[in-house]
DNA sequence: TTGGTGGGTCGATCGGCATCGAAGTGGCCC
DNA sequence: GGGCCACTTCGATGCCGATCGACCCACCAA
């Protein structure tokens, strides 16, 4: 009756890998695109090293992670952008529950992340969303018949030093919308999104902050203001002083 | 240390819904886009009605399914196209294991599904993949800077009786690639993919076969051959006579 | 060689959950 | 109204997996 293709074991097996809170935390941490050691992941997830080892073995066997041994360290990272997209999609599917404010420290960190961060290998947060808006406003992008680069958009990328031609033809889509957790609106992913993120860092427009957070440098403010982003969108908002205040 | 956004419970909770083989089978069955009764799902999954009831309640509470009660029947369907895409992506992520041939009956059914079927609300299988290829060959579509309709593509759709303008501006992307399980290459999804599937059926070019299978009518053969598809691609291949034969 | 550190393996424990049958509820039809 | 049917609720059962501590192994630096 049931065909192999509709047998749910494959799907269930893959989903089961992400169905554990600890493994899910690992994957979300790895969404920053870097390789983490087993010990680092154990600490962020708050579990014993032995537990971590078991989870990582599973995730690697399941193809979600790839590992690289260096001396006594075990580095793991997401297997490829497709896996990152899968996790983004799953994580973005449900609205984040209204989060209780815990401390000034945490609130400051949250504000920095909400402002600008990396999402696997591209820019996210308010910065990422506004960047996409600006590119559309300037007609460097169009989403009339699906997201696409315009002629002037290609020229702009070339001027910036992004080799657009090399990005074409890969298995990865050139442009992709990725739903932003904090903004609830799309930011720019895909090969171009990743290339822009790299290039901004190379040009010294952005620098890495704490964790996945990203800060815009003075040079970046100048450049991005020229693109049409408001200066106020380029610095983190002060931390929310608390819930009970005025609505 | 960890922020609310990086707490894995949301992600894990969603994944857990799909991490059970029975629930996964339900979701794969529901990928045909129709509403199924609880009893039908119980039969395809091979579990007791009481078990089914529990699973469905969970899936509805989790937002993956929506239900509609009609008399003594409980109809469920996928909540929206975003859920369908999520399940497609998860299911398509892993290569289907080489499947053992079970019987002539099953092999025939498999061949029919491999030939042409619906995938949620658009065409899949060899037919779906070749259709996308043909549209690209004819320059009705382009994927130079992301998948997009060309001017002639818009005209062709209008001639066909597909109201392209009404499809724009929805929350659903106009065009989207969806990895085909059997062909391992993309077929056409998104609003246009769904509209084409509906329109083909309205025009009498396709009719529903067993389950999710789709058959191309003589009128459909004429029309699609005109688009550049080979006649041999429009009929199911004979069932694979077995494994051990010549490679 | 010796100690320290990062990591893996093993066994035990424990909670959660998928499953079923039996009994109950409510709609539908004759 | 009587009977059937689709579905739900409720325990009981059994299994799988997440976790930890204890121990072991590999690597690195004095």
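Chains as they are written, first to last, in the working numbering: chain Z, 1 to 247; chain P, 1001 to 1247. C-beta: ideal position from N, C-alpha, C; glycine also.
Problem set entry | Where residue 233 (chain Z) sits in the DSSP three-state scheme | helix
Exercise. From what residue to what residue does the beta strand (DSSP E) around residue 174 (chain Z) run?
Worked result: No beta strand (DSSP E) contains residue 174 (chain Z), which DSSP labels as neither H nor E.
Exercise. Among P:1200, P:1017, P:1186, which one has its Cα closest to the Cα of residue 1093 (chain P)?
Worked result: P:1186
For this session: Using a Cβ cut-off of 7 Å (strictly closer), state whether residue 189 (chain Z) contacts chain P.
Result: no
Exercise. Got a sec, what are the start and stop residues for the alpha helix (DSSP H) residue 166 (chain Z) sits in?
Worked result: 164 to 167
Exercise. Is it true that the CB of residue 1018 (chain P) sits closer than 7 Å to the CB of residue 15 (chain Z)?
Worked result: yes
For this session: Report the option in Z:199, Z:227, Z:219, Z:212 whose CA atom is closest to the CA atom of residue 111 (chain Z).
Result: Z:212
Exercise. Exposed or buried, which one is residue 241 (chain Z) when buried takes at least 16 other CB atoms within 10 Å?
Worked result: Summary for residue 241 (chain Z): the model assigns pLDDT 46, below 50, so the residue's position carries little reliability; its value from the coordinates is reported in the next sentence. Exposed is the call here.
Exercise. Around the C-beta of residue 8 (chain Z), are 16 or more other C-beta atoms found within 10 angstroms, so that it is buried, or is it exposed?
Worked result: buried
Exercise. Are the stretch 157 to 171 of chain Z and the stretch 188 to 203 of chain Z touching by the rule of at least three beta carbon pairs closer than 8 Å?
Worked result: yes
For this session: Could you work out which residue in P:1127, P:1125, P:1153, P:1122 is closest to residue 1136 (chain P) when comparing CA atoms only?
Result: P:1153
Exercise. Any chance the stretch 1176 to 1185 of chain P sits against the stretch 1109 to 1124 of chain P, with 3 or more Cβ pairs inside 8 Å?
Worked result: yes
For this session: Please state if the CB of residue 75 (chain Z) and the CB of residue 37 (chain Z) are separated by a distance shorter than 7 Å.
Result: yes
For this session: State buried or exposed for residue 1070 (chain P), treating a residue as buried only when at least 16 other CB atoms are found within 10 Å of its CB.
Result: exposed
Exercise. Can you name the residues that DSSP bridges to residue 1212 (chain P)?
Worked result: Beta-bridge pairing links residue 1212 (chain P) to no other residue.
Exercise. Straight-line CA distance for residue 1168 (chain P) to residue 1144 (chain P)?
Worked result: 20 Å
Exercise. Helix, strand or coil for residue 1128 (chain P) per DSSP?
Worked result: helix
Problem set entry | residue 205 (chain Z) - DSSP class collapsed to helix/strand/coil | coil
Exercise. Going by Cα to Cα distance, which pick from Z:21, Z:188, Z:190, Z:85 is closest to residue 44 (chain Z)?
Worked result: Z:21
For this session: Could you name the residues that DSSP lists as bridge partners for residue 1070 (chain P)?
Result: P:1073
Problem set entry | Beta-carbon gap between residue 174 (chain Z) and residue 1146 (chain P) smaller than 7 Å | yes
Problem set entry | Cβ of residue 1016 (chain P) within 7 Å of any chain Z Cβ | yes
For this session: Can you pull the chain Z residues whose beta carbon is under 9 Å from the beta carbon of residue 1022 (chain P), in chain order?
Result: 8, 12
For this session: Following the continuous beta strand (DSSP E) through residue 1117 (chain P), name the residue where it begins and the one where it ends.
Result: 1117 to 1119
Exercise. According to DSSP, what are the bridge partners of residue 249 (chain Z)?
Worked result: This structure gives no information on residue 249 (chain Z), because the portion of chain Z shown stretches from 1 to 247.
Exercise. Would you call the CB atoms of residue 188 (chain Z) and residue 132 (chain Z) closer than 7 Å?
Worked result: yes
For this session: Identify whether residue 91 (chain Z) lies in helix, strand or coil by the three-state DSSP scheme.
Result: helix
Exercise. Nearest chain Z C-beta to residue 1241 (chain P) closer than 7 Å, yes or no?
Worked result: Interpretation of residue 1241 (chain P) is limited by its pLDDT of 46, a score under 50 that renders its predicted location unreliable; the figure taken from the coordinates is listed afterwards. Output row for residue 1241 (chain P): interface = no.
For this session: Please confirm if residue 161 (chain Z) has its CB atom under 7 Å from at least one CB of chain P.
Result: no
Exercise. Is the CB-CB distance between residue 1225 (chain P) and residue 1231 (chain P) below 7 Å?
Worked result: yes
Exercise. From residue 236 (chain Z) to residue 23 (chain Z), what does the alpha carbon distance come to, in whole angstroms?
Worked result: 30 Å
For this session: Answer yes or no: do residue 1079 (chain P) and residue 1120 (chain P) have a C-beta to C-beta separation smaller than 7 Å?
Result: no
Problem set entry | Continuous beta strand (DSSP E) stretch holding residue 1189 (chain P): start and end | 1186 to 1189
Problem set entry | Residues near residue 29 (chain Z) in its chain [Cβ-Cβ closer than 6 Å; skip 5 each side] | 44
Exercise. Are the C-beta atoms of residue 273 (chain Z) and some chain P residue less than 7 Å apart?
Worked result: As shown, chain Z starts at 1 and ends at 247. That puts residue 273 (chain Z) outside it, with no answer to give.
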